[in-house]
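Asks: This is the structure I want to talk about, given as C-alpha cells.
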Amino acid sequence: MSEHFTHIAVYEDSARLLLASPAVHDVFKHCIQTQYDSGLLGSSSRGNHLFAVPILEKYKDRYASMEDTTEADIKIAYAIGWLTHRASDLQMKPVFRRAEAHPDPRFTYQLSSIYHDAMSFRKVYDGGNMPSRSPNEILSPATFDENMQSHPAARAVDVPKIEKLLSWMWQKDLVCLQTLLNEKDFQKRIDTFARHFPDFSENFSTYIKVYNDPDPALVDRHWVQDKLYFDDDPAIQFVRAVQRGEEPGRKLDDVLELEANKSEYGKAICNGYWFVKVAGDFFAGKASKKEAYDACKMNDQFRF
Amino acid sequence: MKKIDRRFFLKSTAAGASMLPFLQYYACSTPSVPLPFMGGLTAIAVLDDCAECAVRHRLVTDKAAGLLHADIDLGLPANASRMGALVTATFDQVNQVIANANEELDHVFDGMSGPEIAEAVKDRRSDAMKKKETIQRKIALMLGWAMAAGVRSILLPLYQKQPAGDVLPSDMQVYHDAFILKQKAALPDLENISVEKIEDLFNCVNPRMIARTHTLTPDYDDGDGWTVRISNWRDDNKKLVQRFARALVQPDDAAVKKYITGPNFYDQNDPVLQLVTAGKPAPKSECQAAIQSGENASLYGQCVAKGLEDLQILEI
C-alpha cells in the first residue's frame with residue numbers, strides 16, 4: 001500500500017474535491033471541516049474494510065436527532081479518511097505489484113511506494129512549503145531532511161536523540177490507545193501486545209535518500225513509466241488551484257471523470273471523491289448499503 | 305457543536321482521582337498497567353539508558369543484548385523493550401513468558417525444508433521471520449519490564465500523587481521530561497532559540513514517526529472508540545508538545561526548584577549515570593559498584609540503578 005504521505009495527500013486532495021461539490025452530503029462536509037485531522041488520521045490507518053461503512057450505518061439514522069454530535073463527527077470524518085485510504089490503495093497497489101513482478105531486481109513493491117511518497121510530498125506539499133490543512137500534521141522542508149538539518153531549531157538540539165525519545169513516547173501512546181492491554185491473562189496479554197505492537201517497520205532514512213537523491217532509473221520507472229502524477233490532469237489542476245486559493249477555472253463535474261485523468265494520482269483522488277460521495281448518499285438514505293459497498297469496490301467477505 | 309467536557313468526567317468521581325485522568329486515553333477499563341499517561345518520556349529514557357548501558361558494558365548475555373539495542377529506523381524487536389513501563393507483572397510471570405518464548409523460537413522453522421528456511425531468513429518480511437520477530441518482541445518487552453523496576457517503585461508513586469488537573473500530564477512530569485530532553489540533547493544554541501521554533505521541530509517529528517509505522521493500526525476490537533481516542537490524542541499531544549517546548553526553553557524557576565533541583569531529580573555525578581555516559585566498556589566489578597553505590601542519590605539515577613539490577617536477575 002501507499003505510505004503515509006501519499007495517503008494524506010490523497011485525503012487532502014479528495015477533501016478539496018468533496019468540499020467543492022454541492023452533491024456531497026452536508027454532514028460529510030461539516031465533518032471534514034470540523035474534524036479535519038480525524039479524516040487525515042483515517043487516511044493513514046488500516047481497517048477501512050472493517051469500519052468505514054459500519055460507522056456510517058451506525059449514525060445515518062440517528063445523527064439528525066443527536067444533541068451533541070462531536071463524537072459522531074470524529075467517527076464520520078475518520079470513516080471518510082478511511083475511504084480515501086481505500087481509494088489510494090486500490091489505485092496504487094497494482095502499480096506496486098507490477099514493480100515487484102518486474103524482472104529487474106531494482107524495482108520492488110516497497111521502493112515503488114516510497115517513490116510515490118517522495119512525489120506526493122514534492123507535488124502536493126511543495127516539498128514542505130505548503131502546509132497540511134490539518135492543524136496537527138506539521139510539515140516542513142525539513143521533514144525529508146537527514147536529521148531535519150534545515151529546520152531552524154536543528155542547531156539547538158541533537159535531533160536524532162530528540163527524535164528517538166519522542167518517537168518511542170508516541171509509540172507507547174499508540175499502544176495505550178488499544179484495548180489489547182485489557183486482556184486479563186498475562187501470557188495472552190503479552191502475546192497480543194507483541195502481535196499488534198505498532199513497530200517502526202519503515203526505515204525513514206530510505207525515504208530521505210529517495211527524496212533527496214533519487215535513482216534516475218527508478219524515477220523513470222516509478223514516476224514516468226508508471227504515470228504516477230500528471231500536473232495537467234484535470235482533477236489535479238483543480239485541487240492545486242483550490243490549494244493556492246485560486247479559482248479552479250473549470251467545473252468540478254468536468255474534472256471528476258476518471259478517464260479524463262491519466263495519472264494514477266489523478267485517478268486516486270477522483271476515486272476518493274466518488275467513494276465518499278456515494279457513502280454520503282448512503283448516509284442520506286439515497287443509496288443502499290450495497291451501492292455504497294459497490295462504489296468502494298468492497299470484497300464480499302467485508303460487506304457487513 | 306458542543307465539545308464534550310472531559311473534565312466533567314474527572315471531577316465527578318472521587319476514588320483514585322489521580323489515576324482517572326489516565327483512563328480517558330487508556331482503552332483499559334481497569335488500570336492493569338501502571339503508566340498510562342501522556343508524556344512518560346522520562347520513563348522511556350530510563351529504559352533506554354539501562355539498555356544501552358547494559359549492552360555497552362556487557363552486563364547481559366549476547367542474546368539479551370540483541371534484544372536491547374533499539375533503533376527507530378530499523379523496526380527491531382528491541383523497540384518493544386522501551387515499552388517496559390507499561391507492564392505489571394511478577395518475576396515468575398516474566399520468566400515464564402521468556403521461557404515460553406524461547407521454546408517458540410526453537411520451533412519457528414518447524415515443517416520447513418532447508419531451502420525454504422534459507423529463503424525465509426533472507427527476507428525480514430517472510431512469514432517465518434515476522435513470526436520470529438513477534439516472539440522476540442515478547443522477550444524484549446520482558447527485559448523492558450525489568451528495566452522499569454525503578455520507574456515503578458520510585459517515579460510512578462510520585463506521579464500518582466500529583467493532582468488531577470485539567471491538563472495531562474502533570475507539571476511534574478512535563479518538567480521531568482523536558483529536563484531529560486535537555487540533558488540528552490541540548491546544544492549551546494538552545495540558549496538562543498525560541499519556544500515556537502522548538503515546538504515546531506517537535507511537531508514536525510510526529511509525521512515522521514507515523515511514517516515509520518507505515519500506517520496506523522486500529523484497535524480491531526474497538527475501531528469505533530479508537531477513532532475518538534486517537535483523534536483526542538492528536539489534539540492533546542500538540543498541547544503537550546507546547547508545554548515541553550516551554551519547559552525546555554523557558555522553564556519557570558519555581559517549577560524547576562519544585563520538580564528538579566529540590567527533589568534532586570537528576571545528578572550526572574551519580575556513579576551509575578557516569579557509567580551510562582562512559583564511552584568505553586568498564587570492568588564488571590566497576591559496573592556493579594556503580595549500580596549498587598549508595599551515592600546514586602538522584603531520582604533518575606536510582607531508577608537506572610534499580611533497572612540495571614533487575615535486568616541482570618532475569619533468566620535469559
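Listed in order, the protein sequences are those of chains V and R.
Under the numbering used here, the residue at position 275 of the first sequence is numbered 275, and the numbers go up by one with no gaps.
For the numbering used here, count along the second sequence from 1 and bump the result up by 304.
For each residue, glycine too, the CB sits at the ideal point set by N, CA and C.
Note that the coordinates shown come from a computational prediction; the quantities given were computed from them, not determined experimentally.
(1) When burial is assigned at 16 or more other CB atoms within 10 Å of the CB, is glutamine 171 of chain V buried or exposed?
(2) Exposed or buried, what is cysteine 591 of chain R when buried is set at 16 or more other beta-carbons lying within 10 Å of its beta-carbon?
(3) Determine the direct distance from the alpha carbon of phenylalanine 506 of chain R to that of alanine 358 of chain R, and round the result to whole angstroms.
(4) Determine the DSSP secondary structure at alanine 490 of chain R, reduced to helix, strand or coil.
(5) Looking at chain V, is there any beta carbon in it that lies within less than 7 angstroms of the beta carbon of arginine 360 of chain R?
(6) Is the Cβ of tyrosine 11 of chain V closer than 7 angstroms to any Cβ of chain R?
(7) Restricting to runs no shorter than 4 residues, where is the alpha helix (DSSP H) found entirely within the region 499 to 550 of chain R?
(8) Report yes or no: do the region 492 to 499 of chain R and the region 127 to 145 of chain V share at least 3 C-beta pairs separated by less than 8 angstroms?
(9) Would you please verify whether the beta carbon of leucine 19 of chain V is less than 7 angstroms from any beta carbon of chain R?
(10) What are the residues in the region 46 to 59 of chain V lying within 7 angstroms of chain C by C-beta distance?
(11) Whose Cβ in chain R lies nearer than 9 angstroms to the Cβ of glutamate 246 of chain V?
(12) Output yes if chain R places a C-beta closer than 7 angstroms to the C-beta of alanine 153 of chain V; else output no.
(13) Of all Cβ atoms in chain V, is any one closer than 7 angstroms to the Cβ of histidine 480 of chain R?
(14) Would you be able to state if there are at least three C-beta pairs under 8 angstroms between the region 237 to 248 of chain V and the region 196 to 211 of chain V?
(15) Where does the unbroken alpha helix (DSSP H) through histidine 85 of chain V begin, and where does it stop?
(16) Within 8 angstroms, do at least three Cβ pairs link the region 537 to 545 of chain R to the region 455 to 464 of chain R?
(17) Put serine 45 of chain V into one of helix, strand or coil per three-state DSSP.
(18) Among residues of its own chain, excluding the 5 on either side of isoleucine 514 of chain R, which ones have a beta-carbon nearer than 8 angstroms to its beta-carbon?
(19) Below 8 angstroms on the Cβ atoms is my guess for tryptophan 82 of chain V versus alanine 101 of chain V; work out the distance and round it to an integer in Å.
(20) Going by the CB atoms, is the gap between aspartate 226 of chain V and valine 95 of chain V shorter than 7 angstroms?
(21) Tell me, which residues are paired with valine 425 of chain R by DSSP?
(22) For a quick check, are the C-beta atoms of cysteine 270 of chain V and leucine 252 of chain V less than 7 angstroms apart?
(23) Since serine 281 of chain R contacts leucine 363 of chain R with CB under 8 angstroms, what's their CB separation in whole angstroms?
(24) State yes or no: is the C-beta of methionine 169 of chain V within less than 7 angstroms of the C-beta of isoleucine 348 of chain R?
(25) Flag this pair as touching only if the region 111 to 121 of chain V and the region 65 to 80 of chain V have three or more C-beta atom pairs under 8 angstroms; answer yes or no.
(26) Beta-carbon separation of glycine 454 of chain R and glycine 388 of chain R under 7 angstroms?
(27) List the endpoints of the continuous alpha helix (DSSP H) containing methionine 148 of chain V.
(28) Strictly under 7 angstroms for the Cβ-Cβ distance: is proline 22 of chain V near chain R by that measure?
(29) Just to confirm, is the Cβ distance from alanine 551 of chain R to tyrosine 479 of chain R under 7 angstroms?
(30) In this structure, how does DSSP classify valine 239 of chain V when only helix, strand and coil are distinguished?
(31) Applying the 10 Å Cβ sphere with the 16-neighbour rule, what's the burial state of leucine 40 of chain V?
(32) Measuring only the C-alpha atoms, how far is threonine 34 of chain V from aspartate 73 of chain V?
(33) Could you check which residue in R/Val412, R/Ala355, R/Ala444 and R/Val391 has the C-alpha nearest to that of serine 622 of chain R?
(34) Helix, strand or coil for valine 623 of chain R per DSSP?
(35) Count the other CB atoms within 10 Å of the CB of lysine 290 of chain V; is the residue buried (16 or more) or exposed (fewer)?
(36) What whole-angstrom Cβ distance do leucine 50 of chain V and phenylalanine 302 of chain V have, given they're in contact under 8 angstroms?
Replies: Working from what's here:
(1) Within the first sequence, residue 171 of chain V is the residue found at index 171, counting from 1. Per the 10 Å Cβ criterion, buried.
(2) To locate residue 591 of chain R, count along the second sequence from 1; it is residue 287. Under this definition cysteine 591 of chain R is a buried residue.
(3) In the second sequence, the residue the question calls residue 358 of chain R occupies position 54. In the second sequence, the residue the question calls residue 506 of chain R occupies position 202. Going by the C-alpha atoms only, they are around 29 angstroms apart.
(4) Walking along the second sequence from the start, residue 490 of chain R turns up at place 186. Strand.
(5) Counted from its first residue, the second sequence places residue 360 of chain R at position 56. No, arginine 360 of chain R does not count as interfacial toward chain V.
(6) Looking up residue 11 of chain V in the first sequence gives position 11. Output row for tyrosine 11 of chain V: interface = no.
(7) 499 to 516
(8) no
(9) The count along the first sequence starts at 1 and reaches residue 19 of chain V at position 19. Taking Cβ atoms only, chain R never reaches closer than 7 angstroms to leucine 19 of chain V, which makes this a no.
(10) Chain labels in this structure do not include chain C; the protein chains are V and R.
(11) Reading the first sequence from its first residue, position 246 is the one you call residue 246 of chain V. By Cβ distance, chain R contributes nothing, its closest Cβ being about 26 angstroms from glutamate 246 of chain V, past 9 angstroms.
(12) Position 153 of the first sequence, counting from 1, holds the residue named residue 153 of chain V. With 7 angstroms as the cut-off, alanine 153 of chain V counts as an interface residue toward chain R.
(13) Here residue 480 of chain R refers to the residue found at position 176 of the second sequence. With 7 angstroms as the cut-off, histidine 480 of chain R does not count as an interface residue toward chain V.
(14) no
(15) Here residue 85 of chain V is taken as the residue at index 85 of the first sequence, counted from 1. Taken as a continuous stretch (DSSP letters only), the alpha helix (DSSP H) holding histidine 85 of chain V covers 70 to 101.
(16) no
(17) Stepping through the first sequence from its first residue, residue 45 of chain V is reached at position 45. Strand at serine 45 of chain V.
(18) Numbered from its first residue, the second sequence carries residue 514 of chain R at position 210. If we look at isoleucine 514 of chain R and ignore the five residues flanking it on each side, its Cβ neighbours are Leu520.
(19) Here residue 82 of chain V is taken as the residue at index 82 of the first sequence, counted from 1. Here residue 101 of chain V is taken as the residue at index 101 of the first sequence, counted from 1. Going by Cβ atoms, the distance from tryptophan 82 of chain V to alanine 101 of chain V rounds to 28 angstroms, so no, they are not a contact pair.
(20) Stepping through the first sequence from its first residue, residue 95 of chain V is reached at position 95. Stepping through the first sequence from its first residue, residue 226 of chain V is reached at position 226. Yes, the pair counts as a contact, with Cβ atoms nearer than the cut-off.
(21) Position 121 of the second sequence, counting from 1, holds the residue named residue 425 of chain R. DSSP output for valine 425 of chain R lists no bridge partner at all.
(22) Counting from 1 along the first sequence, the entry for residue 270 of chain V is found at position 270. Counting from 1 along the first sequence, the entry for residue 252 of chain V is found at position 252. Not a contact, by the Cβ cut-off of 7 angstroms.
(23) Here chain R covers residues 305 to 620 and nothing more, so residue 281 of chain R does not appear.
(24) By one-based count along the first sequence, residue 169 of chain V stands at place 169. By one-based count along the second sequence, residue 348 of chain R stands at place 44. Going by C-beta atoms, methionine 169 of chain V is nearer than 7 angstroms to isoleucine 348 of chain R.
(25) no
(26) As a working mapping, residue 454 of chain R is identified with position 150 in the second sequence. As a working mapping, residue 388 of chain R is identified with position 84 in the second sequence. It is not a contact, given that the beta carbons lie outside the stated cut-off.
(27) By one-based count along the first sequence, residue 148 of chain V stands at place 148. Careful: methionine 148 of chain V lies outside any alpha helix (DSSP H) and carries neither H nor E.
(28) On the first sequence, residue 22 of chain V is found 22 positions in, with the first residue counted as 1. For proline 22 of chain V, the answer is no, since every Cβ of chain R falls outside 7 angstroms of its Cβ.
(29) Position 247 of the second sequence holds residue 551 of chain R. Position 175 of the second sequence holds residue 479 of chain R. Yes. Within cutoff.
(30) If you number the first sequence from 1, residue 239 of chain V lands on position 239. In the structure shown, valine 239 of chain V sits in a helix (DSSP, three-state: H, G or I).
(31) Working through the first sequence from its first residue, we reach residue 40 of chain V at position 40. With 16 or more Cβ atoms within 10 Å of its Cβ, leucine 40 of chain V is classed as buried.
(32) For this step, residue 34 of chain V is matched to residue 34 along the first sequence. For this step, residue 73 of chain V is matched to residue 73 along the first sequence. Roughly 8 angstroms separates the two Cα atoms.
(33) Outside the shown range of chain R, which is 305 to 620, sits residue 622 of chain R, and nothing can be said about it.
(34) Limits of chain R in this structure are 305 at one end and 620 at the other, which puts residue 623 of chain R out of reach.
(35) Taking the first residue of the first sequence as position 1, residue 290 of chain V is located at position 290. Per the 10 Å Cβ criterion, exposed.
(36) The residue labelled residue 50 of chain V in the question sits at position 50 within the first sequence. The residue labelled residue 302 of chain V in the question sits at position 302 within the first sequence. Indeed, because the Cβ distance is near 7 angstroms, the residues count as touching under 8 angstroms.
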